[in-house]
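Q: Okay, here's the structure, questions in a sec.
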Amino acid sequence: MFKKRFSRRQALAIGRSISTMFLVGCVTNRAESRPSPSQVAPLAASNFTRGLPGCIARPTQTEGPYFVDEKLKRSDIRSNTSDQTIRSGIPLALQFRVSQITPDRCQPIAGAMVDIWHCDAAGIYSDVQDRSFSTIGQNFLRGYQLTNDEGLAQFITIYPGWYPGRTVHIHFKIRLTERSGQNYEFTSQLYFDDAVTDRVHSQSPYRSKGQRSTHNANDGIYQEGGEQLLLTLNPSGQGYTAIFEIGLQLEI
Numbered sequence: 000m001f002k003k004r005f006s007r008r009q010a011l012a013i014g015r016s017i018s019t020m021f022l023v024g025c026v027t028n029r030a031e032s033r034p035s036p037s038q039v040a041p042l043a044a045s046n047f048t049r050g051l052p053g054c055i056a057r058p059t060q061t062e063g064p065y066f067v068d069e070k071l072k073r074s075d076i077r078s079n080t081s082d083q084t085i086r087s088g089i090p091l092a093l094q095f096r097v098s099q100i101t102p103d104r105c106q107p108i109a110g111a112m113v114d115i116w117h118c119d120a121a122g123i124y125s126d127v128q129d130r131s132f133s134t135i136g137q138n139f140l141r142g143y144q145l146t147n148d149e150g151l152a153q154f155i156t157i158y159p160g161w162y163p164g165r166t167v168h169i170h171f172k173i174r175l176t177e178r179s180g181q182n183y184e185f186t187s188q189l190y191f192d193d194a195v196t197d198r199v200h201s202q203s204p205y206r207s208k209g210q211r212s213t214h215n216a217n218d219g220i221y222q223e224g225g226e227q228l229l230l231t232l233n234p235s236g237q238g239y240t241a242i243f244e245i246g247l248q249l250e251i
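First residue of the sequence shown? That's 0 in numbering that gives the first Met the number 0, and the numbers climb one at a time after it.
The structure is reproduced here in structure tokens:
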């Protein structure tokens, strides 16, 4: 498989050069501890908002240079599958609810492929070559899930770290097939409240990275609709839960 090789400077240049259109994701690569059932509470329906899906249109944003189509179906994306070590960090249980916007209602979409990827607590992405690190062959913090009949896809991950030039974020891509013989793809990013990020990043293992240089207010990509992509986090145990509602405009 071809792996993308970009420097940080190239990554930022690409990110800023691609305009968004409105439619309704440190340097030390260290092994982490093996998963423990006590590290993250299991995803439970009671952790999330219940009720009718929300047809909330969102802006698309750039895919960025670090997307690798691993086709790795899993809910817990923290581990590197070759050795089963995980990236340490504050647990984040993230749920997507994907729906179709119709004239009279919000219709949950079953079978949508929801792919997410982001950097670890030290600002490192897996399976890429960078000037300051190489993680080729690793696949931590990447994975996809298929939405169920209620349009839900669930992930267990960690709160992302940071790297120069970008605010804290998670990339996501939603793909649909067999719809009028055409494929559909929606790509964007998720963001976090800066005050919450500051609290999280004051803790281990994030604090060893030092103070971040970019916040939401001075991130050029966030400025293109990022306020509509902010996650609302709910404390849960030692980490957080969040649900992200998204409505897609599809040709009927």
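Glycine included, each C-beta is placed from N, C-alpha and C at the ideal position.
When you compare only the Cα positions, how much space is there between C25 and T156?
A: Because C25 sits at a pLDDT of 32, beneath the cut-off of 50, its placement in the model cannot be relied upon, and the point is left open.
Q: What separation, rounded to the nearest whole angstrom, lies between the Cα atoms of L22 and G225?
A: For L22, the predicted model reports a pLDDT of 34, less than 50, meaning its position is unreliable; a value from the coordinates is still stated below. If I take the Cα positions, the gap works out to 14 Å.
Q: Do the CB positions of I135 and Q128 come within less than 8 Å of each other?
A: Contact flag set, yes.
Q: Based on the DSSP secondary-structure assignment, which residues constitute the bridge partners of Q227?
A: Q227 is not bridged to any residue.
Q: In chain order, what residues of the same chain lie with their CB nearer than 7 Å to the CB of G110, ignoring the 5 residues before and after it?
A: L145 and T146
Q: How would you label S187, buried or exposed, when you count the other beta carbons within 10 angstroms and need 16 or more for buried?
A: buried
Q: Between the Cα of G238 and those of S87, G63 and T59, spot the shortest distance and give me the residue it belongs to.
A: S87
Q: How many whole angstroms separate the CB atoms of P159 and H117, which I take to be in contact at a CB cut-off of 8 Å?
A: 5 Å
Q: Taking the alpha helix (DSSP H) that T240 falls in, what are its first and last residues?
A: Note, T240: premise wrong, no alpha helix (DSSP H); beta strand (DSSP E) at G238 to L247.
Q: Run the CB neighbour count on T231, radius 10 Å, all protein chains shown included, and call it buried at 16 or more, exposed below.
A: exposed
Q: Quick check on H170: does DSSP put it in helix, strand or coil?
A: strand
Q: Helix, strand or coil for K72? Go by DSSP, reduced to three states.
A: strand
Q: State the DSSP-derived secondary structure class of R86, mapped to helix, strand or coil.
A: If DSSP states are grouped into helix, strand and coil, R86 belongs with coil.
Q: Cβ atoms of F95 and F243: under 8 Å apart, would you say?
A: yes
Q: What runs of the beta strand (DSSP E), each 3 residues or longer, lie entirely inside the region 109 to 187?
A: 112 to 116, 141 to 145, 151 to 157 and 168 to 178
Q: Look at Q227 and P58 and say whether their C-beta atoms are less than 8 Å apart.
A: yes
Q: Beta-carbon separation of N138 and D126 under 8 Å?
A: Yes.
Q: Do G246 and I55 have their beta-carbon atoms positioned less than 8 Å apart in this structure?
A: yes
Q: Rounded to the nearest angstrom, what separates S133 and Y190 at their Cα positions?
A: 26 Å
Q: Between which two residues does the beta strand (DSSP E) containing N233 stretch?
A: Here the beta strand (DSSP E) through N233 covers N233 to S235.
Q: Please classify R206: does DSSP put it in a helix, a strand, or coil?
A: It is helical.
Q: Whole angstroms is fine: what's the gap from T84's alpha carbon to V195's?
A: 27 Å
Q: On a Cα-Cα basis, can you pick out the residue from A121, I115, Q222 and N182 that is closest to K208?
A: A121
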